[in-house]
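Asker: Residue numbers (the working numbering): 226 to 518. Ideal Cβ positions, reconstructed from N, Cα and C, are used throughout, including at glycine.
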Amino acid sequence: MRLTAIVAVALAAALVWVGWAQGWFGALGVEAVALQRAMQDRLAAAVFAIRAGEPWALASLMGAAWLYGVGHAAGPGHGKALLAAAAVGSRASAGRMAGVALLAALAQGAVAVAVIYGALAALSVSAGAAMAAGERAAAPLGFAAAGGVGVWLSVRGVRGLRRGAALAHAPTCGCAHGCGPEAAVAAAADFRGWRETLALIAGVAARPCAGAMLVLAVAWGARIPVAGVLAVAAMALGVAAVTAAAAVIGVGARETALTAVGDRRVALAASGLQAGAGALLAAVGAAGLAASI
226 MRLTAIVAVA LAAALVWVGW AQGWFGALGV EAVALQRAMQ DRLAAAVFAI
276 RAGEPWALAS LMGAAWLYGV GHAAGPGHGK ALLAAAAVGS RASAGRMAGV
326 ALLAALAQGA VAVAVIYGAL AALSVSAGAA MAAGERAAAP LGFAAAGGVG
376 VWLSVRGVRG LRRGAALAHA PTCGCAHGCG PEAAVAAAAD FRGWRETLAL
426 IAGVAARPCA GAMLVLAVAW GARIPVAGVL AVAAMALGVA AVTAAAAVIG
476 VGARETALTA VGDRRVALAA SGLQAGAGAL LAAVGAAGLA ASI
């Protein structure tokens, strides 16, 4: 009973975080979006200030971009849902999840640069057309990637549950091939392998934020593309500051729950968290994908 209650509380906390990440809390989501739009106007103004040669304009742009990244990460978005689910549903350490969050934010910025500057340079389209095309392509890709990672986490969690139940005798079996609950815990995803880490990073990076695409388009039009890249880098660091903190909090909540259940049930609890978080993320990804196509 205690195990079930703790897993339920942990999954409820994950649901609240995912709900916030997806903008389910209406008024707060609207305020966050409004703030992001105001910051987008500030970013555009800072780019034009650089073009006009105003002193400290680049520093102003970098600061505004970092603040925008923080605000963007605190508002609706699929990246936070993906990282939160991965933190709760894996066995990765806090340091590793924070590192993945940083790499994911930087990769997200790099994708924005590639999409916008690539479209503007290679296709000779307008800035507005490049942004619109980026948005149309990014939304379904981002949700599909999130859903895919969710399915993967869920499948591994279910396998862990089956293995943990089948090997419940292991603490006293004395065998040497590692068939106890510790083995089931070790089988949970910890994002040490490059494939699973890359999949998680790609899931976040597949959908660059609108603010990054906007500042890149404006900087290209002002003929100062390097300023756009620098602004996106600062923005990525702002995003990483929030997403890394969220990932660390998720890891702390997971470890607290696993410690509370005791050694004999930690394998089942770890696998249950992984399966539940993965299923939740898969559902969010599927719903978002259906709405974006």
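What distance in whole Å lies between the Cβ atoms of G463 and V295, which are believed to be in contact at a cut-off of 8 Å?
Answerer: With 8 Å as the limit, V295 and G463 qualify as a contact, their Cβ atoms being about 4 Å apart.
Asker: Helix, strand or coil, according to DSSP, for I518 in the structure here?
Answerer: Correct three-state label for I518: coil.
Asker: Inspect the beta-carbon positions of A298 and V443 and report whether they are closer than 8 Å.
Answerer: Taking 8 Å as the Cβ cut-off, A298 and V443 do not qualify as a contacting pair.
Asker: Distance, Cα to Cα, H402 vs L328?
Answerer: Confidence at H402 is low in this model, with a pLDDT of 47, below 50, so its placement is unreliable and the value that follows should be read with caution. So the alpha carbons of these two residues sit roughly 36 Å apart.
Asker: Find the nearest neighbour of R432 within the set S517, M287, R420, judged by alpha-carbon distance.
Answerer: Cα-wise, what sits closest to R432 is S517.
Asker: Look at the Cβ atom of G375, then the Cβ atom of Q265, and state whether they are nearer than 8 Å.
Answerer: Not in contact: G375 and Q265 (Cβ atoms no closer than 8 Å).
Asker: Within the chosen definition, does the segment 440-459 reach the segment 273-290 through at least 3 CB pairs nearer than 8 Å?
Answerer: Touching, yes, given that three or more Cβ pairs across the two stretches are closer than 8 Å.
Asker: Can we say the segment 498-517 touches the segment 300-318, given the rule of at least three CB pairs closer than 8 Å?
Answerer: The segment 498-517, when compared against the segment 300-318, does touch it at the 8 Å Cβ threshold.
Asker: Of the choices G373, A369, A482, C434, whose alpha-carbon is the least far from that of G513?
Answerer: When each option's Cα is compared against that of G513, the closest is A369.
Asker: Quick one: measure Cβ to Cβ for I275 and L283, integer angstroms, because I've assumed they're closer than 8 Å.
Answerer: Their Cβ separation, rounded to whole angstroms, is 6 Å, which keeps I275 and L283 in contact under 8 Å.
Asker: Quick check for students: name the residue ranges of the beta strand (DSSP E) that lie wholly in the segment 414-491, counting only runs of 3 or more.
Answerer: Entirely contained in the segment 414-491, not one beta strand (DSSP E) run reaches 3 residues.
Asker: Given that a residue counts as buried once 16 or more other Cβ atoms are within 10 Å of its Cβ, and exposed if not, what is T481?
Answerer: With fewer than 16 other Cβ atoms within 10 Å, it is exposed.
Asker: Report the CB separation of M460 from Y293 in whole angstroms; it is logged as a contact under 8 Å.
Answerer: At roughly 6 Å, the Cβ-Cβ gap stays under 8 Å, so M460 and Y293 are in contact.
Asker: For the candidate residues G477, R384, V440, G501, whose alpha-carbon lies nearest to that of R262?
Answerer: R262 has its Cα closest to that of V440, out of G477, R384, V440, G501.
Asker: Under a three-way DSSP split, which group does L493 fall into?
Answerer: Correct three-state label for L493: helix.
Asker: Hey, quick one: how far does the alpha helix (DSSP H) through G320 stretch, first residue to last?
Answerer: Note, G320: alpha helix (DSSP H), 319-347.
Asker: Please state whether DSSP places E279 in a helix, a strand or coil.
Answerer: E279: coil per DSSP, three-state reduction.
Asker: Could you tell me the distance, in whole angstroms, from the CA atom of T422 to the CA atom of G278?
Answerer: The alpha-carbon atoms of T422 and G278 are separated by roughly 42 Å.
Asker: For G300, which of helix, strand or coil comes out of DSSP?
Answerer: G300 falls in the coil class under three-state DSSP.
Asker: Just to confirm, are V473 and A332 a CB contact at a threshold of 8 Å?
Answerer: In this structure, A332 does not lie closer than 8 Å to V473 by Cβ.
Asker: Flag E279 as yes when its Cβ comes closer than 7 Å to any non-hydrogen atom of the ligand COA, and as no otherwise.
Answerer: Among the components of this structure there are no ligands whatsoever, and the ligand COA is therefore not found.
Asker: Can you give the Cα-Cα distance for L307 and A469, rounded to whole angstroms?
Answerer: Approximately 12 Å, taken between the alpha carbons.
Asker: Let me know if V451 comes out buried or exposed under the rule of 16 or more other beta-carbons within 10 Å of its beta-carbon.
Answerer: When all chains shown are included, V451 counts as exposed.
Asker: Measuring only the C-alpha atoms, how far is A371 from R388?
Answerer: The straight-line gap from Cα to Cα measures roughly 26 Å.
Asker: Thinking C-alpha only, which one of A430, C434, M356, A427 is nearest G300?
Answerer: Answer by Cα proximity: C434.
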